[in-house]
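Per the numbering used here: the sequence shown = residues 3 to 230.
By construction, the Cβ of each residue, glycine as well, lies at the ideal position given by its N, Cα and C atoms.
These notes concern the structure reproduced below.
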Amino acid sequence: MKLLNFLKNFKCDVRLFSPQIGKKEYMSLDLSTSNKQLKNINFNSSVNFAKFINEILMKNNKSIAYGGYLEERVIYSRSSNFKIGYENRFRNIHLGIDLWNIEGAPVISPFEGKIHSFKNNSAFGDYGPTLILEHNILGNHFFTLYGHLSKESLLNFKIGKIIRSGSKIGNIGSSKVNGDYPPHLHFQIISDIGDYWGDYPGVCSIEDLNFYKLNCPNPNLILKLPSL
Numbered sequence: 003m004k005l006l007n008f009l010k011n012f013k014c015d016v017r018l019f020s021p022q023i024g025k026k027e028y029m030s031l032d033l034s035t036s037n038k039q040l041k042n043i044n045f046n047s048s049v050n051f052a053k054f055i056n057e058i059l060m061k062n063n064k065s066i067a068y069g070g071y072l073e074e075r076v077i078y079s080r081s082s083n084f085k086i087g088y089e090n091r092f093r094n095i096h097l098g099i100d101l102w103n104i105e106g107a108p109v110i111s112p113f114e115g116k117i118h119s120f121k122n123n124s125a126f127g128d129y130g131p132t133l134i135l136e137h138n139i140l141g142n143h144f145f146t147l148y149g150h151l152s153k154e155s156l157l158n159f160k161i162g163k164i165i166r167s168g169s170k171i172g173n174i175g176s177s178k179v180n181g182d183y184p185p186h187l188h189f190q191i192i193s194d195i196g197d198y199w200g201d202y203p204g205v206c207s208i209e210d211l212n213f214y215k216l217n218c219p220n221p222n223l224i225l226k227l228p229s230l
């Protein structure tokens with residue numbers, strides 16, 4: 003509850019990309035099971051998926067699409083990475099915010115912190131190169147996760163390295179390295195990371211939703227992008 007109040011009342015202008023990209027250039031994107039437009043998209047092809055996103059951005063004259071917190075998605079059915087090996091359970095509820103941007107776009111840290119861990123989660127449908135930062139701000143201890151980075155980003159990471167707010171931490175990776183998705187950033191806030199290292203669930207099953215909803219508060223509390 004303390005972390006939630008901190009995030010709700012955080013007043014700084016938080017950016018994950020260049021501040022030169024104004025928030026008017028962002029648009030929300032619905033990738034939920036209720037979006038009928040998705041029925042004709044072949045999510046097994048990152049090329050077709052990217053074409054769908056790019057056409058929407060061009061039609062609306064926007065640069066970045068975003069959304070996905072607690073969104074139930076069909077896309078995860080393509081990968082065994084999201085199947086749970088008992089009780090026919092399946093992970094399909096997204097726990098962060100995805101920001102669909104161009105390959106190579108610089109990613110900026112919204113908070114001061116230090117590098118907790120990093121890893122290339124290379125399974126099909128996974129994060130690809132991933133960075134986790136640890137923060138302690140005004141007595142609030144929490145973590146932020148940045149998924150789908152470039153492989154080159156990993157070369158600049160060192161455990162314990164101090165990261166200043168507003169500094170570059172990496173670049174968005176291509177579909178060849180990011181788990182086979184169109185280029186984007188997965189951004190997630192984590193209260194208690196437990197024993198995870200360079201990784202943390204970004205998608206959960208409906209059975210586990212209550213736990214993860216509490217442990218992973220809505221990133222838009224600080225991004226303050228218009229809600230879907």
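Lys-116 has its alpha-carbon roughly 5 Å from the corresponding atom of Lys-163. DSSP places Gln-22 in the coil class of the three-state scheme, outside both helix and strand.
When beta bridges are read from the DSSP output, His-137 appears opposite Phe-144. By the neighbour-count definition (other C-beta atoms within 10 Å, threshold 16), Pro-228 is an exposed residue. CA-to-CA, the gap between Leu-59 and His-186 works out to about 13 Å.
By the Cβ neighbour-count rule, Ser-169 is exposed, with fewer than 16 other Cβ atoms within 10 Å of its own. At the C-beta level, Ile-55 and Glu-27 stay beyond 8 Å of one another. Per the coordinates, the alpha-carbon of Phe-159 lies some 31 Å from the alpha-carbon of Lys-85. Relative to the Cα of Arg-91, the nearest Cα in the group Lys-215, Cys-218, Asn-103, Leu-211 belongs to Leu-211.
Sequence-distant Cβ neighbours of Phe-144 in its own chain, meaning closer than 7 Å and more than five residues away, are Leu-5, His-137, Ile-191, Ile-192, Ser-193. For Tyr-214, the uninterrupted alpha helix (DSSP H) segment begins and ends at 211–217.
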